[in-house]
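Asker: Following my numbering, the numbering of the sequence shown begins with 247 at its first residue and continues without gaps.
In this text, a Cβ means the ideal position worked out from N, Cα and C, and glycines have one as well.
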Amino acid sequence: MALDIDDIVTLYRTAGAARYGMEAINPEQHALQCAQHAERAGATPELVAAALLHDLGHLVAAGQPEENARNDLHEFVAIPFLRGVFGDAVIEPIRMHVDAKRYLCATLPGYRETLSPASRRSLQLQGGPFEREAAQRFIMQPFALDAVALRQWDDGAKSTTAATPGWGHYSKVLERARSIKAGMPRSRAADASSTT
């Protein structure tokens, strides 16, 4: 069953306001910070929405992960709750953001060392860094560059002191992302491949 925007906001304000796992902030703070990074980078409304909602699967999954003891596949769990409300330009970067971490660990020297301890632990549960061929296959997919950008905003969205816009602002962003219905959404990956 798809969630409407009011449902999503309520979920973040309730379940998302409780800290869990090993991170220093709660899921609501993390979501708002990640969306703010996306906006500051000039991302489309769809990609800002993806940044905001990328960890929604943690909140809708049955039970929360206990200190990162298992891989909860949160990147897939959220999809049925978002499909029908948002298009692929929102859903695909969410689905791919864990693989984007695996890609960056495989291709960007020093990246793994920048991850939080909790993110390093979850990396192992998620399959570890990609092998070279898997990394190449990943980055050739539509929306892969969007997922990589989302992942980097995700990594930087863990401040205990950051001030962000609230849900009044981001509800409007979600509405804009939902209202975009211009055929096949373009992605940064598609734009990059069209220039080569």
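#1: Would HIS320 be called buried (16 or more neighbouring beta carbons within 10 Å of its own) or exposed?
#2: Just verifying my parser: in three-state terms, what is the DSSP assignment at ARG265?
#3: If we count the other Cβ atoms within 10 Å of its Cβ and call it buried at 16 or more, is PHE332 buried or exposed?
#4: By Cβ distance below 6 Å, which residues in the same chain neighbour ALA505 in space, the five residues on each side in sequence not counted?
#5: Give the straight-line distance between the Cα atoms of VAL294 and ALA324, rounded to the nearest whole angstrom.
#6: What are the partner residues of PHE332, as DSSP defines its beta bridges?
#7: Just how far apart, CA to CA, sit GLY303 and THR260?
#8: What residue range is occupied by the uninterrupted alpha helix (DSSP H) comprising PHE322?
#9: Hey, how far is the Cα of ASN272 from the Cα of GLN387?
#10: What's the C-alpha gap between ARG265 and ILE340?
#11: Under 9 Å, do LEU396 and HIS343 count as touching if we go by C-beta distance?
#12: Please classify ARG348: is it buried, with 16 or more other beta-carbons within 10 angstroms of its beta-carbon, or exposed?
#13: Please report the Cβ distance between ALA381 and ALA346, rounded to the nearest whole angstrom; I am assuming they are in contact, meaning their Cβ atoms lie under 8 Å.
#14: Among GLU379, TYR416, VAL336 and PHE327, whose alpha-carbon lies nearest the alpha-carbon of LEU305?
#15: Taking ALA277 as the reference, give the member of PRO291, PRO363, ARG329 and ALA403 with the closest Cα.
#16: Buried or exposed for GLY262, going by 16 or more other Cβ atoms inside 10 Å?
#17: Between LEU299 and PRO411, what straight-line distance do the alpha-carbon atoms span, to the nearest angstrom?
#18: Any idea what DSSP makes of GLU377, helix, strand or coil?
#19: What would DSSP say about GLN398, mapped onto helix, strand or coil?
Answerer: Per the coordinate set shown:
#1: For the purposes of this step, residue 320 is taken as residue 74 along the sequence shown, with counting starting at 1. Buried is the call here.
#2: Within the sequence shown, residue 265 is the residue found at index 19, counting from 1. In the displayed model, ARG265 falls within coil according to three-state DSSP, outside both helix and strand.
#3: To locate residue 332, count along the sequence shown from 1; it is residue 86. Only buried fits PHE332, as 16 or more other CB atoms lie within 10 angstroms of its CB.
#4: Residue 505 is absent from the structure shown; the chain starts at 247 and stops at 442.
#5: In the sequence shown, counting from the first residue as 1, residue 294 sits at position 48. In the sequence shown, counting from the first residue as 1, residue 324 sits at position 78. The alpha-carbon separation between VAL294 and ALA324 amounts to approximately 16 Å.
#6: The residue labelled residue 332 in the question sits at position 86 within the sequence shown. Per DSSP, ARG329.
#7: Numbered from its first residue, the sequence shown carries residue 303 at position 57. Numbered from its first residue, the sequence shown carries residue 260 at position 14. In a straight line, the C-alpha of GLY303 is about 14 Å away from that of THR260.
#8: For the purposes of this step, residue 322 is taken as residue 76 along the sequence shown, with counting starting at 1. Where PHE322 is concerned, the enclosing alpha helix (DSSP H) stretches over 320-323.
#9: Locating residue 272 in the sequence shown gives position 26, where the first residue counts as 1. Locating residue 387 in the sequence shown gives position 141, where the first residue counts as 1. Distance from the CA of ASN272 to the CA of GLN387, rounded to the nearest whole angstrom, comes to 31 Å.
#10: On the sequence shown, residue 265 is found 19 positions in, with the first residue counted as 1. On the sequence shown, residue 340 is found 94 positions in, with the first residue counted as 1. Taking the straight line joining both Cα atoms gives about 21 Å.
#11: Locating residue 396 in the sequence shown gives position 150, counting from the first residue. Locating residue 343 in the sequence shown gives position 97, counting from the first residue. For LEU396 and HIS343, yes; Cβs fall inside 9 Å.
#12: One-based indexing of the sequence shown puts residue 348 at position 102. Answer is buried; the Cβ neighbour count reaches 16.
#13: For the purposes of this step, residue 381 is taken as residue 135 along the sequence shown, with counting starting at 1. For the purposes of this step, residue 346 is taken as residue 100 along the sequence shown, with counting starting at 1. Contact annotation, ALA381 with ALA346: C-beta distance approximately 10 Å; criterion of less than 8 Å not satisfied.
#14: As a position in the sequence shown, residue 305 is number 59, starting the count at 1. The shortest C-alpha separation from LEU305 is found at PHE327.
#15: As a position in the sequence shown, residue 277 is number 31, starting the count at 1. Comparing Cα-Cα distances from ALA277 to each of PRO291, PRO363, ARG329 and ALA403, the minimum goes to ALA403.
#16: As a position in the sequence shown, residue 262 is number 16, starting the count at 1. With 16 or more other Cβ atoms within 10 Å, it is buried.
#17: Within the sequence shown, numbered from 1, the residue matching residue 299 stands at position 53. Within the sequence shown, numbered from 1, the residue matching residue 411 stands at position 165. The straight-line gap from Cα to Cα measures roughly 15 Å.
#18: Here residue 377 refers to the residue found at position 131 of the sequence shown. Note: GLU377 maps to coil in three-state DSSP.
#19: Sequence index remark: in the sequence shown, residue 398 carries index 152 (1-based). Helix, per DSSP.
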